[in-house]
Amino acid sequence: MRHLSFPVLLTMGLATATLAASSQVFAYGAGDFFTRAGVAKVAPKSHNGELADGAFAVNVQDKTDFAFTIGYRFHDKLGVELLAALPFEHDIALNGDNLASTKHLPPTLTLQYYPLGGTQSRVQPYIGAGINYTRFSDEYVAIGELNLENSWGAAGQVGVDLLIDDHWALNAAAWYLDINTDATINGTAAGSVDIDPVVVMGGLSYRF
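FYI, the working numbering numbers position 84 of the sequence shown as 100, with every residue one higher than the one before it.
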């Protein structure tokens, strides 16, 4: 049996390595349906307004819970994503005391741009902009009956996928949501509450 020379062996080794590397190229772009899931923290801005002609300073407290998204990329660099979750329940401090609470569900739809979509990069950042609808429920206040009106507002988003294989990725994302609601207490208009939270989520992404 003839022995192969070192250059031939080296060439064969490089070819094998190239084939192995090429098998690790992950398609990431047009046609991907995906879902992302993880733990999300909803952090409203400080000083959320005043109620009852300034009698009560309002501060909506942070809340951490499970959240998920579903989305589709219709172009290598463009896609849409819907943020969803179970209702988040927030305590509301009035003059420093937790005297109220509410649940809210903030579905948010964004159009996304992926600057490295369609490339072989394992790091896939994205930005998005869109619209948020917030539905309030189970409002409570110790001094009577509280009602918060549902609201529409703008939304912005940044995020990144760190690809593991053809389907799985680590994901981190953040949204800014414009959430402003009018409040009534015992049926009387009491003022507005500006929540305007930042939502930060970390978890996993799965592409179909």
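We put the CB at the ideal spot given by N, CA and C, even for glycine. Please read all numbers here as calculations on a predicted model, not as lab measurements.
Check	Outcome
When you compare each of Phe152, Leu186 and Gln136 to Asp198 by their alpha carbons, which one comes out closest?	Phe152
Per the DSSP calculation, Asn75 is bridged to which residue(s)?	Ala109
If I follow the unbroken beta strand (DSSP E) through Ser153, where does it start and stop?	Val139 to Val157
Examine the Cβ distances between the segment 48 to 57 and the segment 69 to 88 and report whether three or more of them are shorter than 8 Å.	yes
Under the rule that 16 or more other beta-carbon atoms within 10 Å means buried, what is Asn114, buried or exposed?	exposed
With a threshold of 16 other CB atoms inside 10 Å of the CB of Ala101, please say whether the residue is buried or exposed.	buried
With three or more C-beta pairs closer than 8 Å as the rule, is the segment 134 to 147 touching the segment 103 to 110?	no
Since Tyr222 sits in a beta bridge, which residues does DSSP pair it with?	Thr51 and Trp184
How would you write the range of the beta strand (DSSP E) that Ser62 sits in, first residue to last?	Counting along the chain, Ser62 falls outside any beta strand (DSSP E), and DSSP gives it neither H nor E.
Based on the DSSP output, what are the partners of Lys119 in its beta bridges?	Glu105 and Ser153
Apply the 10 Å Cβ neighbour rule to Ala43 and answer buried if 16 or more other Cβ atoms are within range, or exposed otherwise.	exposed
State the Cα-Cα distance for the pair Asn196 and Tyr142, rounded to the nearest angstrom.	26 Å
Leaving out five residues on either side along the sequence, give the residues of the same chain with a beta carbon under 6 Å from the beta carbon of Ala31.	Residue placement at Ala31 is poorly supported in this model, since its pLDDT is 47, which falls under 50; the coordinates still yield a value, given next. So the list is empty, once near-sequence residues are dropped.
Please report how far the alpha carbon of Ser221 lies from the alpha carbon of His120, in whole angstroms.	24 Å
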